Structure formats: C-alpha cells, structure tokens
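To convert, take the position in the sequence shown, counting from 1, and add 117; that gives our numbering.
Think of the CB as a built atom: it goes at the ideal place given N, C-alpha and C, for glycine as much as any other residue.
No experiment lies behind these values; they were computed from the predicted model shown.
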Amino acid sequence: MYQHTTLAGERIDLPVGKVVCVGRNYLDHIQELNNEIPAEPLLFMKPATALCEISKPLVIPAGMGECHNELEVALLVAKPLRHCSSEQTAADALYGVGVALDLTLRDVQQKLKDKGQPWERAKAFDGACPVSSFTPLGGSAELDNLDFSLTINGEVRQQGNTKMMMRDALSLLCAISEVFTLQPGDI
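Set out below in structure tokens:
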C-alpha cells in the first residue's frame with residue numbers, strides 16, 4: 118500500500134489523500150495534442166488508490182490499448198487549504214515537492230472524449246499515479262524554476278521546467294482551493 122516518503126525513505130506522517138491534477142498547463146503540450154488553451158485551469162482528480170511508488174514495477178491494465186505517460190510536478194499538501202488568497206498561504210500549506218507520472222489509457226480516453234464523457238476510466242485506474250518521494254520545502258516554495266526529466270530504459274522521453282507552465286504552481290493551488298478543499302496528504 119502506498120505511503121508518502123522522504124528521499125531518505127522515511128515515512129511522512131500525513132494521510133494518503135486525493136490527487137488533484139491540472140491538464141493543459143504547458144503550451145508545448147497543448148500544441149502537440151492540438152488542444153485549445155483553457156480559459157481557466159482544467160482540473161481532474163485521481164483517487165488515493167491511483168497512487169503507487171514510482172520506484173516499483175508498474176501494473177498497466179491489460180487489453181486497454183496504449184498507456185501514455187507524462188511526468189508531472191507533485192506537491193504534497195500538509196495543511197488544509199480552502200479559498201486561498203495568496204501564494205504565500207499556498208506555500209505555507211505545502212510539505213514538499215516530488216514528481217509523479219500521469220498515466221493515461223489513450224484509446225479509452227479518446228472513446229470517452231468522443232462521447233463527451235468524463236475521463237476517469239482512462240486516468241484514475243488503480244496505479245495510474247506513480248509518485249516519487251518528496252523533498253521538504255521548509256517554508257520556502259521556490260517552484261518557478263524546477264527542472265525535471267523522464268528517462269525510460271536509458272532514453273530521455275520528456276524534459277521540462279516549471280517556468281514553462283502557463284499558470285505557476287502556487288497560483289494553481291489557490292485556484293484549486295476555490296473548487297476543492299485541499300486536505301493534508303493530498304497531492
């Protein structure tokens with residue numbers, strides 16, 4: 118069963134909560150998929166059962182078509198956040214930062230999109246959100262210039278930096294908190 122951990126492998130004393138994801142926040146990715154630029158953050162959720170350790174073998178549902186992966190920045194919430202009015206308030210609510218994979222069953226997602234249905238069957242299955250350990254932020258949330266990359270079998274598949282985000286991480290947390298209360302242990 119998944120549990121939040123530090124880079125040293127120590128258990129973080131926070132419950133395992135929901136994962137609130139933001140889609141279409143990188144202009145390059147929007148253009149790559151020929152999607153529209155959203156006027157407000159495109160939010161979707163993954164349940165706690167979607168979480169698993171990124172360092173362990175992944176279990177991809179069989180017979181469901183292509184499984185696409187995208188590396189994302191993951192922020193672990195330590196304090197409740199609702200109707201956040203400032204980026205400092207958002208920063209103060211965070212425990213730390215890590216990375217996560219957003220796994221998507223693309224064939225399933227396309228069928229759902231074609232029918233105008235929600236995407237949970239394609240994005241929220243058990244194990245759909247492998248996540249790393251977290252680096253504590255210690256009150257300083259320097260999130261606007263973080264490099265990250267995904268290497269699979271020695272090949273770099275994705276590289277990015279948080280400065281490429283259309284909406285920065287802390288303003289996104291504030292926007293999310295207007296819709297969903299973020300609880301300790303949420304990502």
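Reference residue i, options the options, closest by Cα
i, options, result
"V296", "K163, S249, R199", "R199"
"E204", "L260, L160, D224", "L260"
"D264", "E272, N186, Q276", "Q276"
"L160", "A125, P235, K196, Y119", "P235"
"Y212", "Q148, L131, N152", "L131"
Cutoff 8 angstroms: residue i Cβ touching any chain D Cβ
i, result
"E149", "Although the question refers to chain D, the structure presented lacks it and comprises just one protein chain."
Beta-carbon proximity of residue i to residue j, cut-off 8 angstroms
i, j, result
"V190", "A286", "yes"
"L175", "V133", "no"
"A207", "P247", "no"
"C201", "S294", "yes"
Three-state secondary structure (DSSP) of residue i
i, result
"I269", "strand"
"E127", "coil"
"E149", "helix"
"Q234", "coil"
"L263", "coil"
"L175", "coil"
"M281", "helix"
Integer Cβ distance of residue i from residue j, believed to fall under 8 angstroms
i, j, result
"P158", "R284", "6 angstroms"
"K163", "K240", "7 angstroms"
"V214", "T268", "Not confirmed; about 19 angstroms, so no contact."
"K135", "D303", "5 angstroms"
"V139", "L299", "13 angstroms between Cβ atoms; not a contact."
Residues bridged to residue i [DSSP beta-bridge criterion]
i, result
"V216", "V190"
"C138", "F161"
"F251", "T123"
"L222", "C184"
"E170", "V248"
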